[in-house]
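Chains as they are written, first to last, in numbering that gives the first Met the number 0: chain A, 0 to 404; chain B, 0 to 600.
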Amino acid sequence: MVLGKRVRIRAKGKIFEGIAMPSFTGNFVLKLDSGYNVGFKEYELLEVFEESLPKTEIKKLEKKDGLPNVKIISTGGTIASKIDYRTGAVTSQFTAEEIVSEVPEIAEICNIDAELLFNILSENMKPKNWIELAKRVYNALKSYDGVIITHGTDTMHYSSAALSFILSTPKPVVFVGAQRSSDRPSSDAAMNLLCAAKAAISDVGEVTVCVHATTSDDYCFLHRGVKVRKNHTSRRDAFQSINARPIAKIDYPSLNVEWLSWRLKRNERPLDCKAKLEEKVALIKFYPGLSAEIMEFFHSKGYRGFVVEGTGLGHVSTDWVETVKRIAEDSVIVMTSQCLWGRVCDRVYDTGRYLLKAGVIEGEDMLPEVALVKLMWLLGNYDLEEAKKLVKQNLVGEIEYRSSY
Amino acid sequence: MMYSKLGLKVGVEIHQQLDTKHKLFCRCPTKPGKDEKEFHRYLRLKRSEIGEEDKAAREEVERSRKFIYKYCDTTCLVEADEEPPAEVNVEALKIAVQIAKMLNMELVDEVHVMRKIVIDGSNTTGFQRTALIAFDGYIEVDERKIGIATLCLEEEACRKIEDGEGYAVYSLDRLGIPLVEISTKPEIDSPQLAKKVAAKIGMILRSTGKVKRGIGTIRQDINVSIADGARVEIKGVQELEILDKVVENEVVRQLKLLEIRNELLKRSAHVFDDIFDVTDVFSNSKSQIVKGKIVKAILLKGFGGIVGKEIQPKRRLGTEFADIAKNFGLKGIIHTDELPAYGISDEEVKKLKELLKAEENDAIVIAAGSSERVDRALRRIIERAKYCLKGVPEETRKANEDGTTSYLRPLPGAARMYPETDVPPVTLEGLEVEIPELIEDRAKRYSKDLPFDLAWEVADSPYWNLYEEYSKLLQPTVVAKVLYSIPAQLKREGIDVSQLGEEQFRKVLNAIYDGRIAKEGAEEALKILAKDPRAEISFVAVNVDEIIEKIVESKKDLIAEKGEAAFKPLMGLVMKEVRGKVDGKIVAEKLLSAIRKVINK
């Protein structure tokens, strides 16, 4: 294996020296001393050099008296990951020392301990990962003043919703992510992390998401974990609170906190953890022409929880009504809207009235993803009838009964 | 100067913007836009990325500030670092390959786009995307082969609009325009040859017809070293005309620094690490520079008279220190070699020297501003002053308009480059390109019909292809006049000719070809089009002589009465009929001789 080693090769009639790099195309990739990578189709390996790599030492971290203690749990997001400039590989040991060496200002805010729980891409997250994460956070909340969870952004709002239902927390639980990986100088990771650290020591007793609020590095929003959604594929300010105002605005670099809406305060709730989830819950997005067979299929596979992402005020085609009626007999069917903004109301048009009569429950102003996670949690912890009752009740801020401007 | 004896080695680096339809990593046009809105960011460098040796990065971090970016409708989320880059622009890749072949270079098989860390804010990402395309070529200049080391395709940086204390403002419109960077080997051994090499590469680049022209679209960087000196990289020589002078001045600077070193060693000079707070000395100063500010000082033992020594025309060693201070956001520095001055009194100087226990032969450097900035700047100046005892520091410098250079930053290390994982590698196999005719060869061809200088201008003009087309239909000299001589003359007369382009030249040439205007009417026609590029040049050909004859005949009495003074009213009458069709000067000449003829009769 010459990968990562210094080699001398002959290619195109010329001698080159550099580091052999990983290649995904079959060509030989060499990192020249100038820093450039180049690929050669044909080459002759002349020499492989053995050399020891210099190790960078990181100073041992000392706790500061009087600062709150915060636990940072990584689930494998890009925050505080590190790139190997020789091979281009991204590594993450995720020690507190590393985080402080990359974002030294955090040590002025709180004492941190860090733990690498998962190292998975957020699209590979499963409900069982939410449970494991929730249990880990639950344990941390017993001794720390706040918990930060670094997370890939793609499904961060599913995880934040899951923890919102699973955990009753008296302290801040703050999800944080980055839209630009932390290996680039323009990364939003450091600012998001600093704002999250501030949130984690503040007067909040909820599960939240802390990320950029605008394209500028000017402030972050602290979103309620059950009201937030990723609404852009790539922008820093991809996350938005929907049908609610963010809990707070955290200014950067001053880190001043401005409260924007109601919130559960620190110590307002006891610490508790109901960590069961029923995974057989389906989220079905209706589109013109979609047949109700899709519900039949899930039902035949044992699914008893259904969240429908309907059109407009909360509709599916009228030819679904019979199927819905049959399935609703032993299942919970919650209607949400693919409009995302606004409240479901099935009493305006006939279709809606038929659906209600068939047993559909209006999901109020809940986000479809949140309704999905909520139903998983309800069916995991309560019986069917109770779940039907609770699903339309606000439990942790997932439903606002008043739609404000 | 005997440059060969000094061991002069020069390498030239040319940065040329390409004239592509789209930018290198997005579909935005490569045109300037009107700044409308703005956002701001901070850049940070992970400590793990700064090798101990990489002073450039460390210094940039210490200068870290707020970057404000202006954006407009000709830019998109890619420039704003809010969307991943698209794949490499194939049009740009083809031009780069074409240029590489014209420079006799070898191509890599597979192009890998890299991120070159630059955190001065000029790239929203904090890095510049760059890829090595070809290596190991040559050009011939003065019958010598000069090696071309590498050709890279990279994205242009932002345009800087403003540089403030603690912030900088950039425009995004230039960011991402494709650019080729061509580096020669350090085989050039005289300032004159450096200029010729740059000129030749420039000519080859323009021969493709696919590079941008005008101020700022091409920049030359030069690497200069002499035997006992050090490698110094000079950035941003905008004018080819002064390239040799920049090299000459750098050689002088290095020689002077070596002289200074020898003198300092003789004097057993020494630089102290202490930074003294001397604010109290200037608390009642008349000098606006120091009054009411935090002032700190450093002591350079044995540097007396040397800080004020000239090392380039109108630049002293102290100016080098001042450059450093400016980089840290200060106005500059003051040193005792130039004092008393700037409203600082003799007595204050005396107090200052007493406080620092400076002796006759010592120099003191002071700086004023915010405490933190002053500390950082002075720390760096101490480092620089210490190097005076060693010789010439390796560094990056900035070319000034007068041919001198200013300190910019330390030389960057090679470690600050890593793969752009968002852009997949591209194979160059099967990329077909044609090699265009060189401008110099074309000029030779044209010189059969045109004087050589004019032939060169036409061959080097973006409209040479119009010359090719119309010189078959019209007299070549007429075509050359329309395409080059007349616009050049109009420009000298202060007329804005920026609106004249292919469409306008075609209008005029077609009108001459169709006989709608006389060839003498070309100037007038171009004047009209310069003002109104949409104007139709469709006036019918006129016979000036006939018109003049007719008018002179009908106004015989007036001429008899007023003599040559009749010219003015008659000129008005003639011009009424021929305006825009015939050159006024020609009309005047003809009319005057016709009037004289009548008088003489």
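For glycine and all other residues, C-beta sits at the position ideal for the given N, C-alpha and C.
- Apart from sequence neighbours up to five positions away, the residues of its chain that approach Leu-528(B) with a beta-carbon distance below 8 Å are Gln-498, Leu-499, Gln-503, Lys-506, Val-507, Ala-534 and Ile-536, ordered along the chain.
- In the DSSP assignment, Cys-71(B) forms no beta bridge with any residue.
- For the 7 Å CB-CB criterion, Val-306(A) and Val-333(A) form a contact.
- Membership of Leu-473(B) in any beta strand (DSSP E) is not indicated, and neither H nor E is assigned to it by DSSP.
- For Tyr-218(A), no chain B residue has a Cβ inside 8 Å of its Cβ, as the nearest lies near 12 Å away.
- The CB of Phe-126(B) comes closer than 8 Å to the CB of Arg-183 and Pro-184 in chain A, given here in chain order.
- According to DSSP, Asp-271(A) shares a beta bridge with Ser-167(A).
- Contact check between the region 344-352 of chain B and the region 258-271 of chain B: fewer than three CB pairs, one atom from each, fall below 8 Å, which does not count as touching.
- Interface flag for Pro-190(B) against chain A is unset, since no Cβ pair is found closer than 7 Å.
- At a cut-off of 7 Å between C-beta atoms, His-14(B) does not count as an interface residue with respect to chain A.
- A residue is called buried once 16 or more other Cβ atoms fall within 10 Å of its Cβ, and Ile-200(A) is buried on that count.
- Checking the DSSP bridge columns, you'll see Gly-10(B) partnered with Asn-222(B).
- For the region 23-44 of chain A, the beta-carbon criterion of a distance under 7 Å to any beta-carbon of chain B is satisfied by Thr-24, Asn-26, Val-28, Asp-32, Ser-33, Gly-34, Tyr-35, Asn-36, Val-37, Gly-38, Phe-39 and Lys-40.
- By the rule that beta-carbons nearer than 7 Å mark a contact, Arg-234(A) touches chain B.
- Secondary structure of Met-1(B) (DSSP, three-state): coil.
- With a threshold of 7 Å between beta carbons, Thr-317(A) makes no contact with chain B.
- Residue pairing for Tyr-341(B): DSSP places it in no beta bridge.
- Counting only Cβ-Cβ distances below 9 Å, Arg-244(A) has no contacts in chain B at all, with the closest Cβ about 23 Å away.
- Separation of Glu-101(A) and Glu-353(B) (C-alpha to C-alpha, rounded to the nearest whole angstrom) is 44 Å.
- Where Thr-318(B) is concerned, the enclosing alpha helix (DSSP H) starts and stops at 316-326.
- Residue pairing by DSSP places Glu-180(B) opposite His-14(B) and Cys-151(B) in a beta bridge.
- Taking a cut-off of 8 Å on C-beta distances, the region 171-180 of chain B does not touch the region 225-240 of chain B, as fewer than three cross pairs fall below it.
- When CB distances to chain A are screened at a threshold of 9 Å, the residues of the region 15-42 of chain B falling below it are Glu-37, Phe-38, His-39, Arg-40, Tyr-41 and Leu-42, in chain order.
- Taking C-beta separations shorter than 8 Å and ignoring five residues to either side along the sequence, the partners of Pro-418(B) in its chain run His-111, Val-112, Met-113 and Arg-114, following chain order.
- Taking CB atoms only, Thr-123(B) has a neighbour in chain A less than 7 Å away.
- For Ile-108(A), the enclosing alpha helix (DSSP H) starts and ends at 105-108.
- For Ile-594(B), no beta strand (DSSP E) run applies; the uninterrupted alpha helix (DSSP H) run containing it begins and ends at 583-599, by DSSP.
- Every alpha helix (DSSP H) of 4 residues or more that sits fully in the region 182-270 of chain B is shown, in chain order, as 190-206 and 242-265.
- Residues of chain B with a Cβ closer than 7 Å to the Cβ of Arg-179(A) are, in chain order, Asp-80.
- Between Ala-362(B) and Leu-377(B), the gap from beta carbon to beta carbon reaches 7 Å or more.
- Neighbours of Lys-11(A) across chain B, judged by C-beta separation under 9 Å: Glu-105, Leu-106, Val-107, Asp-108, Phe-134 and Asp-135.
- When CB distances to chain A are screened at a threshold of 7 Å, not a single residue of the region 184-209 of chain B falls below it.
- Closest in alpha carbon position to Gly-328(B), among Asp-374(B), Phe-566(B), Glu-358(B) and Ser-121(B), is Asp-374(B).
- With fewer than 16 neighbouring CB atoms inside 10 Å of its own CB, Gln-474(B) falls in the exposed class.
- Between Ser-286(B) and Tyr-341(B), the gap from beta carbon to beta carbon is short of 7 Å.
- Closer than 7 Å at the C-beta level to chain B, one finds these residues of the region 186-198 of chain A: Ala-189.
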